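Going down the list, the protein sequences come from chains A and B. The first sequence begins at 1 in the numbering used here and counts up by one. The second sequence begins at 1001 in the numbering used here and counts up by one.
2 protein chains.
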Amino acid sequence: MVLDPNCGYCQKGELLDEFGYLVGELETSLVIIFREQSHPGRIIVAYKEHVSEMVDITDEERNKYFADVNKVAKAMHKLFQPDKINYGAYGDGGSHLHFHLVPKYEGEFEWGTPFAMNPKETYLDEAAYEKMASDIRKELGI
Amino acid sequence: MVLDPNCGYCQKGELLDEFGYLVGELETSLVIIFREQSHPGRIIVAYKEHVSEMVDITDEERNKYFADVNKVAKAMHKLFQPDKINYGAYGDGGSHLHFHLVPKYEGEFEWGTPFAMNPKETYLDEAAYEKMASDIRKELGI
């Protein structure tokens, strides 16, 4: 499995903690709470291997990865009840396939526009991240 | 099949022409050139049915849809040779599953940041859209 020594999704630990709170693992992915929570419930689903885009994995791997993304999205709809989830994969500078799953609430922050990468406005304390992670794990059965 | 009378992806024609140039159809999707071409080669892959998100379709439909998205992304890499493709699904106001596939070029417009929904800066003439559409059709075998 290809991993990168400077990539937070590959190395986890401190590199990941800078922006994310690890919830756990699904078959092909890591589930990570995005620490910036201007959109309550915002999560990243990162592929387990250091590949750049979906075009770099096989059909079977892609099917499994999007099954994971879908599973997380369904859990988010149930737990956070957003009016819509936005799905975005950017990472121009890095090369690690991941999607931001961003719950949007009608009339609230950034409703009707693409979400900013990081508004740097709203952070929780560690206990609140762990509570959220625990709820998500329970919903995902992990 | 669920369609909506006010949705450009459902009705095509004038509603779609306002922002897109129809390339053609794949098994589960429409392939559409986004008329605003600040990112040369920007394309939309819209699901054929009026559903809001991937969570609203079956596993089999999701696999087929992302196979289409992947096919278009591979064609874009070949034709336009971007350094990265961004994939974004928003549509807070509408309810029709579609992804924007946005080629990014190192050092060029919006490199390293999420793409704007519509910069409203760069438009082509109809012959140029048709030339691009023709190249994409050839690459997709449609």
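Think of the CB as a built atom: it goes at the ideal place given N, C-alpha and C, for glycine as much as any other residue. Predicted, not measured: the structure shown is a model, and the values here were computed from it.
For B:S1134, three-class secondary structure by DSSP: helix
Anything in the stretch 83-99 of chain A with a Cβ closer than 9 Å to a Cβ of chain B? List those residues in chain order, please. D83, K84, I85, N86, Y87, G88, A89, Y90, G91, D92, G93, S95 and F99
Short of 7 Å in beta carbon distance, which residues of its chain neighbour B:M1132, apart from the five on each side in sequence? Order them along the chain. I1033
What residue range does the alpha helix (DSSP H) around A:A73 cover? D59 to F80
What does B:A1073 reach in chain A if we use C-beta pairs closer than 8 Å? E53, M54 and V55
In the DSSP assignment, find the unbroken alpha helix (DSSP H) run with B:E1088 in it and report its ends. For the sequence presented, residue 1088 of chain B should be read as Gly rather than Glu. It is not in any alpha helix (DSSP H) - B:G1088 instead sits in the beta strand (DSSP E) that spans K1084 to A1089.
Distance, A:Y123 Cα to A:E18 Cα: 12 Å
Check the C-beta distance from B:E1095 over to B:S1052 and give it rounded, since I have them as a contact under 8 Å. Correcting the residue identity first, residue 1095 of chain B is Ser in this sequence and not Glu. About 4 Å; that satisfies the 8 Å criterion.
Where the alpha helix (DSSP H) containing A:Y9 begins and where it ends: Its alpha helix (DSSP H) spans residues G8 to Q11.
Exposure of B:I1044, with buried meaning 16 or more beta-carbon neighbours within 10 Å: With 16 or more other Cβ atoms within 10 Å, it is buried.
Contact set between A:T113 and chain B, taken where Cβ atoms lie within less than 7 Å: Per Cβ cutoff of 7 Å: M1117.
Closest Cα partner of B:F1099 within the set B:Y1087, B:Y1129, B:N1070 and B:C1010: B:Y1087
For A:V45, write down the residues that DSSP places opposite it in a beta bridge. A:V31 and A:F99
Under the DSSP definition of a beta bridge, which residues are partnered with A:G112? Paired residues: none, contrary to the question.
Please identify the residue among A:G20, A:G8, A:K12 and A:Q11 whose C-alpha is closest to the C-alpha of A:E130. Closest by alpha carbon: A:G20.
Distance check for B:L1079 and A:E139, CA to CA, integer angstroms please. 42 Å
Measuring alpha carbon to alpha carbon, tell me which of B:N1118, B:E1027, B:R1042 and B:Q1037 ends up nearest B:E1060. B:E1027
For B:E1036, which of helix, strand or coil comes out of DSSP? coil
For my contact list, A:P82 and A:Y105 are in at a C-beta cut-off of 8 Å; report their separation, rounded to the angstrom. 6 Å
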